[in-house]
Structures are given as C-alpha cells and as structure tokens.
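Take a look at the structure below.
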Amino acid sequence: MQLVALGVYGKKGQRRDVKFQTNALNILTGKSKTGKTAILDIAEYCLGRDTVTISQGTISDIASWYYVLVQFSDERVLICRPNPETATTNRAMVRTGGLDLTAPDFAELEVNADTDVVRDTLSGRLGIEAFTVEADASSLRSSFDVSVRQALFFCFQTQGEIASRDILFHRQVKDEIRGTIRETLPYFLGAATPEQAAIRRQLVTARRALQRTLNAMRSMEQDLEQQDARITHIIESATSLDVLPGDAVLAREGVLSLLEEIMAYSTASDLGGGDETSLRRRLLTEERNSLRSRVREIDDQIELLERLGKEQSDELGEAGYQVQRLRALDLLVPAGDLTDGDVSVCPLCDQSLSHRDETIDELRAVLERLELRLQSSTGAAARRDASIERLRGRRAPLIEAIQENLIELDALAQQEGAIADGRERAERIAFLQGRVSQELERGVDVAGDLAELRAAERQQRGRLARLEELADRDNPDALLRSAVDAISDLMTDYARFLQLEGSEHYVRLDPVQLTVAIQRPGGRIPLARMGSAENWVGYHLAAHLALHHWFATNDRPVPRFLMFDQPTQAFFPEEIVDAADDENADWEAVRRQFTLMRDVVAALDGSLQVIVCDHANLADGWFQDAVIDNWRNGVALIPSGWLEE
1 MQLVALGVYG
11 KKGQRRDVKF
21 QTNALNILTG
31 KSKTGKTAIL
41 DIAEYCLGRD
51 TVTISQGTIS
61 DIASWYYVLV
71 QFSDERVLIC
81 RPNPETATTN
91 RAMVRTGGLD
101 LTAPDFAELE
111 VNADTDVVRD
121 TLSGRLGIEA
131 FTVEADASSL
141 RSSFDVSVRQ
151 ALFFCFQTQG
161 EIASRDILFH
171 RQVKDEIRGT
181 IRETLPYFLG
191 AATPEQAAIR
201 RQLVTARRAL
211 QRTLNAMRSM
221 EQDLEQQDAR
231 ITHIIESATS
241 LDVLPGDAVL
251 AREGVLSLLE
261 EIMAYSTASD
271 LGGGDETSLR
281 RRLLTEERNS
291 LRSRVREIDD
301 QIELLERLGK
311 EQSDELGEAG
321 YQVQRLRALD
331 LLVPAGDLTD
341 GDVSVCPLCD
351 QSLSHRDETI
361 DELRAVLERL
371 ELRLQSSTGA
381 AARRDASIER
391 LRGRRAPLIE
401 AIQENLIELD
411 ALAQQEGAIA
421 DGRERAERIA
431 FLQGRVSQEL
441 ERGVDVAGDL
451 AELRAAERQQ
461 RGRLARLEEL
471 ADRDNPDALL
481 RSAVDAISDL
491 MTDYARFLQL
501 EGSEHYVRLD
511 PVQLTVAIQR
521 PGGRIPLARM
531 GSAENWVGYH
541 LAAHLALHHW
551 FATNDRPVPR
561 FLMFDQPTQA
571 FFPEEIVDAA
581 DDENADWEAV
591 RRQFTLMRDV
601 VAALDGSLQV
611 IVCDHANLAD
621 GWFQDAVIDN
631 WRNGVALIPS
641 GWLEE
C-alpha cells in the first residue's frame, strides 16, 4: 500500500491535490508555514485515526474535507474525511476502484462509512491476518486484534519524533501506544504468527488441564489414605444412633450398601407429637394465667376488706376510749340525781346551783352518740368477717386448680424434653447423612477413579509434549532475535553511511525498550544517552529504513511507505525560514540523508515509497527528479486564491 495523492477540499468546492510517485523517493520542499507538516497529519487522519492533529489555523478554517488515495497492486482505495467541528470524529467516505480511480468532485462527497470500515478495508487488502494480542493476566489492558492501526505506527515520523532521543516510533510517547507497539512488533516482523498464537493458546489450555488433573490426583491420593478412617467413623456414629444395627460389619466390598442404608434412614418418627404438645402447653398456660388472675382479684378484695376492718377497729378503739372518759362523769353526779337527771347540783361539792349546767347535758349527749356508734360498728365488723370467710372459701379451689395446672405443665415439659431429644437425634442423623453424601460424591471406589486420573495424566503429558515441540520448532523468541539481528545489521550499515557518532560499533534495535542502542566494549549506549540532534535524527532514519527493508523483503503486512517530516532540522537554525538559503549548513550531511533514502528505495526495486517534507532543496539532478513540489514563492498547501475568495 502506497500513497497516490492526498488533498484538501475548500468550503466552496475547490480541491487542492498533492500527488506522489509510487515506488520512489518523494520530496516536498518548501519554506516554513506553507503546510508541509500538515501532509503527514492529513494522511494519518484519512487512514483511520479518529483524532484530528491538523493544527488550528488557515488549513482547518478553510478545509471542508480531506482525502487520501492509496494504491495496492491492482486496485486503489479512496478515503475522504470531513473536517470535523470537534477534535474527534469517525465519519468517513470510502470508495474502491481500479488503478484509474481518482479524487471525486466536491458534489460527490458523502459520508458512507466510519473509521472501523476504513481500518477493515485497508487491513484486509494489506493481508493482515486474524491475529489477537492477548493481554497479560497482570495487565489492565484488554486483548485486541491487530489491524492497519498498529501497522501505521511504523510509517510516520513527525518533526518532533524524528529528532527525539526518548522515543523511536510514532506516538510512542503515550504508554498505551508504547505497549501496543511492543506487543505487535513481533507479528509485523514475522516472528509471531496466528498459527503460533493458536499453539500458544493450546499450550496454555493443555498446561491448565494437566495441572487440574495433578491437583485432582493429589486430592484423591489423600482421600484414599483417609477414606477408611472417615467411613469407619461414619459407621460407628450410625450404630451409636441406632441407624445401623450394632453388629454392622465394615468391609470394603460392603461399604456402599451401608452408606446407602444410612442415606435411606428416615427420622420422621423422632419428630412426631411436637405440634399437639405445643397446643396443649399453650392452653394450659392460658388456663393458669386465668386462674392466677381470678386469685389476684379475690386477694385484692380480701385485702381491701381487711384494710377497712383495721381502719374501723382503730376508730372504734378511739371511740371506746372517749366513752370511758365520759362515763367517768357519772361518778361525779350525786347518786340521787343519776335517775332524775337533775344537773343543778354541783358535781364537786354536791351543792345546789343557782343555774342549770348545760355542759353536763352536752357531754351526756356525746356519750349517747358514741355508745350507739359502738353498737352499730360491732354489727358491721361481724358482717365484714363473714364476707372475708366467703372469699377465702372461693380462693381455695382456685389455688388447687393452679397446682393441678402446674403438675400437668411439668408433665408436658418432660414430654417436650423427650421430643427435643428426638429432634437432636434427628439433627445428628441429618448431619451424618450429609457426611455420607459427601463421601458418595467423592466416590467410594477412589482407587478406581485414581487409576483413571493417572491414565488421563499420561495422555495430557503426551499432548503437552507434542505442542511444546511444535512451539519450539517455530520459537517466536528465536524468530524475533533472528529478525532483529538482520535489521540491526542493516542499521549498522546505514549509520556508518550517515557517519553517525558511535557507528563504528554494532548498532542494535531494542524491541523491548523500543529504542536503538550502540553495543560497544565498554557497555551499551541507548539512544537516550547519545548526544547531538544529528545522531538522534540519523538513528531514527537508519532504524525505520532498516525496518521497512525487512518488511518489504519478507512480505510483511505493513504499508510500503515512510513519511518523514523535517529530517534535516538538526542542520539548520530553529528560526530559519528557508533552509535552502543557509550557506552555513552541513550540506554534505544533508545529502547523505537523502542519498541513503534514495539508495534504500532503489535497492528494494519499487517495494518502498519514501515521502519527505523538508526545507532542503539540493541542486543535484537525482534530488530534483524526486521533488514532487516546491512550496516557495507563494505556493503552499492552501492556494493564495482560496484566501482571497
């Protein structure tokens, strides 16, 4: 897959095309701020990326659609993407056709697909097989299927990436992308195949199955040692509970029948009568409560009468005392006057009084009233005592009834104790039957089951050995080392051609750390420890050209193009507008870069397309033959006429 063209549609229907030569070195030279960097962003966006990386400004303000036209061996695929209003979109237009397919008119643009369709369309034509990268058990990442999305990480080098000493691949700065590149690189190098992945999955399954069998065997061997003791204890418990007769004989051949007899034993008779007893207890309890309530009522009445009697007795005692005092007056009255009631005589001196003493009359009246009260109270007390005796007579049979009730409740309690004992026995038998059930589930014939497991173990070990032999035959690690060795040989040659620092030593690709390292006698020097932007850019070029040489010569499913943005930036001041005017630049080093790209493309005989966006514009004839456009003197990605409209 190589790029035929890409371009921009204006909002008024205009179209700006940038055309490329397939199987060749393509150089887009020009001044700064002409849109060269956007070429890579447009290509990546149109090839299925959801996030738009095209810088905000003139291009994004004027563009309505972007497109890229890619070519395979015998067909072309057109992919158009609308300029989104937000930072992301998955909308797309996809059209396939022959080698004469070109960009459509503005009126033909319409969304008919999404980025999933774009990736599926390209992945299928690239020949990417159904290959799933399985996530590690300890990883938070999910498994994913390899597609053109991962292949494109090896096809782009932005201006910031190609001069970085910290990253080697496109978008590697993100942890998720770094992991994806590390996991898919073996597949794209041919070291990991779907067949190998299937064998690895079968190996994992076979190892797990063998481990399960070994665990079961260990458990069963322990059971075989312990089963006799467990079953003996079960039989002894069953005889103690009268589930089995006391003379039950434990023999290996009779174990199953004894266990089945225990399981068949019913405890229904031990649980009978419980409901009737509970009902009778409830009725007796209600009767006892009623009797006690009636006794309390009688006791309350007796207590009330006795309290009233005591209070009246206290009053009568006081009244009797008063009567005795008043009767003492009779001793002071003359004897002759006691009958005629003459109270005109002084009771002290027995002399006649000039006036009648009314006090004596009043005291005698009080005495008479007190005597009448004493007489009536004596009758009330007799009646009260009679009432108390009647109440006590009613209380006695109630007390006897309560005692009889308690006797019957005690009898019920004894009966319930017997029922509880039966329930306890039933519970113990149920627990025993549970143990028997577990024993039956384990299998009484453990020895026979163990023999079957040992046979299964032998079969599983044989299958595992065959799978391991298949896995070792095409060992992914060995294949990866072989591929990395070949790529590293090329990298070393390319680095020496570019005259990079440290290239006198062996240069090696590190597929784990995703970097380049120099293997010198004093130790390994990774890219991050090297100095000079010229070396950083140079080793990026050497690594990616060597990788694509491997991809092409081994027919790997990676697009056959490389896009570099500003590879010569290390040789020019940052503020320069047009590097072609810089007389102080190291033009020989620049020439070596482009010469290396030209020679690698030529060596692959049309199997690689290299697209370079750069300031450099060498006068060499071969360089000018590779220039597809020169964006100077007002020429840019967005024509000046669009800005004036």
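So the sequence shown is numbered by the UniProt record's numbering: it starts at 1 and just counts up by one.
Every residue gets a Cβ at the ideal spot worked out from N, C-alpha and C, and that includes glycine.
Please read these numbers as outputs of a predicted model, since none were measured by experiment.
Secondary-structure assignment with DSSP links TYR9 through a beta bridge to ARG15 and TRP65. Membership of PHE561 in any alpha helix (DSSP H) is not indicated; the residue belongs instead to the beta strand (DSSP E) covering 561-565. When beta bridges are read from the DSSP output, ALA238 appears opposite no residue.
If you look at LEU25, you'll find it in the beta strand (DSSP E) that goes 25-30. For the 8 Å CB-CB criterion, GLN593 and PRO567 form a contact. The region 594-629 is shown to contain whole beta strand (DSSP E) runs of 3 or more residues at 609-614, in chain order. Around the beta carbon of GLY462, fewer than 16 other beta carbons sit within 10 angstroms, so the residue counts as exposed. Boundaries of the beta strand (DSSP E) harbouring TYR506: 506-510, taken from the DSSP string. Taking a cut-off of 8 Å for Cβ pairs, the region 46-62 and the region 108-118 touch, as three or more such pairs fall below it. Annotation for ARG182: PRO511, VAL512 and LEU514 place their beta carbon closer than 8 Å to its own, counting only its chain and skipping 5 residues before and after. Separation of GLU424 and ALA198 (C-alpha to C-alpha, rounded to the nearest whole angstrom) is 59 Å.
Straight-line spacing of the CA atoms in ARG292 and ARG428 works out to 41 Å. Only buried fits ARG119, as 16 or more other CB atoms lie within 10 angstroms of its CB. The C-alpha of ALA130 is placed about 7 Å away from the C-alpha of ASP145. In this structure, DSSP gives ASP105 a state outside helix and strand, which the three-state scheme calls coil. Between ARG496 and SER488, the CB-CB gap reaches or exceeds 8 Å. Out of PHE571, ALA413 and PRO559, the CA that lies nearest to the CA of SER278 is found in ALA413. CA-CA distance, LYS12 to ILE628, rounds to 26 Å. Rounded to whole angstroms, VAL204 and LEU467 show a C-alpha spacing of 10 Å. Under the three-pair Cβ rule at 8 Å, the region 537-544 counts as touching the region 162-172.
The beta carbon of ASN405 sits closer than 8 Å to those of LEU284, GLU287, ARG288 and LEU291, all from its chain and outside the five residues before and after it, given in chain order. Three or more beta-carbon pairs drawn from the region 6-26 and the region 56-70 are found closer than 8 Å, and the two stretches are therefore classed as touching. 8 Å or more divides the Cβ of VAL243 from the Cβ of ARG395. According to the DSSP secondary-structure assignment, MET93 is paired through a beta bridge with CYS80. Within the DSSP bridge table, the entry for LEU122 names no partner.
Just so you know, the alpha carbons of ALA229 and SER266 end up roughly 25 Å apart. In the pairwise beta carbon analysis, the region 607-624 is classified as not touching the region 518-534: fewer than three pairs are separated by under 8 Å. The continuous stretches of beta strand (DSSP E) do not include ARG182, which lies in the alpha helix (DSSP H) extending over residues 175-188. A contact is defined here as three or more CB-CB pairs under 8 Å, and the region 178-194 fails this definition with respect to the region 521-536. Residue environment analysis places ASN26 among the buried positions, since at least 16 neighbouring C-beta atoms fall within 10 angstroms of its C-beta. Of all alpha-carbon atoms in ARG529, LEU479 and LEU122, the one lying nearest the alpha-carbon of GLU501 is that of ARG529. Of the residues LEU78, LEU99, LEU126 and SER123, the one whose Cα lies closest to the Cα of ASP105 is LEU78.
In this chain, the beta strand (DSSP E) harbouring ALA517 covers 515-520. With a 10 Å radius around the Cβ and a threshold of 16 neighbouring Cβ atoms, ALA552 comes out buried. The C-beta separation of PHE571 from ALA589 comes to about 6 Å, placing the pair in contact by the 8 Å criterion.
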